[in-house]
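Single-structure report; data block below.
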Amino acid sequence: LLNPFDARCANWDLWLEAPKDELLENMAESLIPMHGENDPFWVNAARTVFACLASQMREDKERSLSKLLGLLVTGEFSELEPYLNGTAAATLVSNKIEKTAISIRSVITTYLKSMQSLSGLDESGKPSFSIRDYLLNKDLEGWLFISSNGEQHKSLKP
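All the letters of the sequence shown, read from the start, carry residue numbers 896 to 1053 under my numbering.
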């Protein structure tokens, strides 16, 4: 069952879902869509920051979706620097261009706020789960339910 508002929800793991960088880039593109005919820089920069940070956190033994979202949405830019140093996103969130970094963060926050409801799933003690592994593993049987009720639709929608 996948519904973060239901106690029975599986422990969905972003890093199991996207074990390669190109899959993180695909995820970023899905989560942060291009909108209108405005300058694509802001959306592309937000995607780059998300994908680079998630990629760098893959090796973090204390990684969690809560930590990722905290760094992206509310953390100090100085907290991002150790993760993003040497990546394509390093200059996008630098303290030296704070106004640009704040604008990029506003795009990230707008589109990733729905993921906040997934925070804490890893604290349930349940084994990690990914839809990708579930579909690719021929030995797994059963059903996958992705549920919600009308009151939850806005909160769950990216």
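Backbone N, C-alpha and C define an ideal beta-carbon position, used for all residues, glycine too. Remember, predicted model here, so these are calculated numbers, not experimental data.
### Task
Taking Lys1008 as part of the alpha helix (DSSP H), name the residues at either end of that continuous run.
Taking the first residue of the sequence shown as 1, we reach residue 1008 at position 113. Careful: Lys1008 lies outside any alpha helix (DSSP H) and carries neither H nor E.
### Beta-carbon gap between Leu963 and Ile1003 smaller than 8 Å
Translated into positions along the sequence shown, residue 963 becomes position 68. Translated into positions along the sequence shown, residue 1003 becomes position 108. In this structure, Leu963 lies away from Ile1003, with their beta-carbon atoms at least 8 Å apart.
### Task
Report the residue from Asn939, Ser1042, Pro914, Glu1046 whose alpha carbon sits nearest the alpha carbon of Ser925.
For the purposes of this step, residue 925 is taken as residue 30 along the sequence shown, with counting starting at 1. Of the candidates Asn939, Ser1042, Pro914, Glu1046, the one whose C-alpha sits nearest the C-alpha of Ser925 is Asn939.
### Task
Measure the C-alpha to C-alpha separation of Gln892 and Leu975 and round it to an integer number of angstroms.
Any question about residue 892 goes unanswered here, given that the chain covers just 896 to 1053.
### Query
Does the stretch 1001-1018 touch the stretch 897-909, meaning 3 or more C-beta pairs lie closer than 8 Å?
Contact annotation: the stretch 897-909 touches the stretch 1001-1018, with at least three C-beta pairs closer than 8 Å.
### Task
For the stretch 1016-1033 and the stretch 974-989, state whether three or more C-beta atom pairs, one from each stretch, are separated by less than 8 Å.
Contact between the stretch 1016-1033 and the stretch 974-989 is absent, because fewer than three Cβ pairs lie under 8 Å.
### Query
Would Ala949 pass as a contact of Ile927 if the rule is Cβ separation under 8 Å?
What you label residue 949 is simply residue 54 of the sequence shown in a count that begins at 1. What you label residue 927 is simply residue 32 of the sequence shown in a count that begins at 1. The Cβ-Cβ distance between Ala949 and Ile927 does not fall below 8 Å.
### Task
Could you work out which residue in Phe936, Gln1011, Ser973 is closest to Leu960 when comparing CA atoms only?
Indexing the sequence shown from 1 puts residue 960 at position 65. With distances taken between Cα atoms, Leu960 lies closest to Gln1011.
### Message
Suppose you measure from the CA of Ala946 to the CA of Pro977; what does that come to, to the nearest Å?
### Response
For the purposes of this step, residue 946 is identified with residue 51 of the sequence shown, where counting begins at 1. For the purposes of this step, residue 977 is identified with residue 82 of the sequence shown, where counting begins at 1. Going from the Cα of Ala946 to the Cα of Pro977 covers about 15 Å.
### Message
the ligand GDP and Met1010: does the residue's C-beta get closer than 7 Å to at least one heavy atom of that ligand?
### Response
No copy of the ligand GDP occurs in the structure displayed, which carries no ligand at all.
### Query
Are Ile1026 and Glu912 close, meaning C-beta to C-beta below 8 Å?
Locating residue 1026 in the sequence shown gives position 131, where the first residue counts as 1. Locating residue 912 in the sequence shown gives position 17, where the first residue counts as 1. At a Cβ-Cβ threshold of 8 Å, Ile1026 and Glu912 count as neighbours.
### Message
So, for Met922: in the same chain, excluding its five sequence neighbours on each side, which residues have a beta-carbon less than 6 Å away from its beta-carbon?
### Response
Here the question's residue 922 lines up with position 27 in the sequence shown. Excluding its 5 nearest sequence neighbours in each direction, Met922 has C-beta neighbours in its own chain below 6 Å: Ala913, listed in chain order.
### Task
Just confirm the distance between the C-beta atoms of Ser1043 and Leu1051, as a whole number of angstroms; I'd bet it's less than 8 Å.
Taking the first residue of the sequence shown as position 1, residue 1043 is located at position 148. Taking the first residue of the sequence shown as position 1, residue 1051 is located at position 156. That pair is a contact at about 5 Å.
### Proximal residues to Ser1009 (C-beta, below 8 Å), its chain only, five neighbours per side dropped
Here residue 1009 corresponds to residue number 114 of the sequence shown, with the count starting at 1. Listed in chain order, the non-local C-beta contacts of Ser1009 below 8 Å within the same chain comprise Ser1050, Leu1051, Lys1052, Pro1053, local neighbours out to five positions each way being set aside.
### Query
For the alpha helix (DSSP H) that Arg1027 lies in, which residues bound it at each end?
Within the sequence shown, numbered from 1, the residue matching residue 1027 stands at position 132. From DSSP, the alpha helix (DSSP H) with Arg1027 extends over 1026-1031.
### Query
For Leu963, which residues does DSSP report across the bridge?
Within the sequence shown, residue 963 is the residue found at index 68, counting from 1. According to DSSP, Leu963 bridges with nothing at all.
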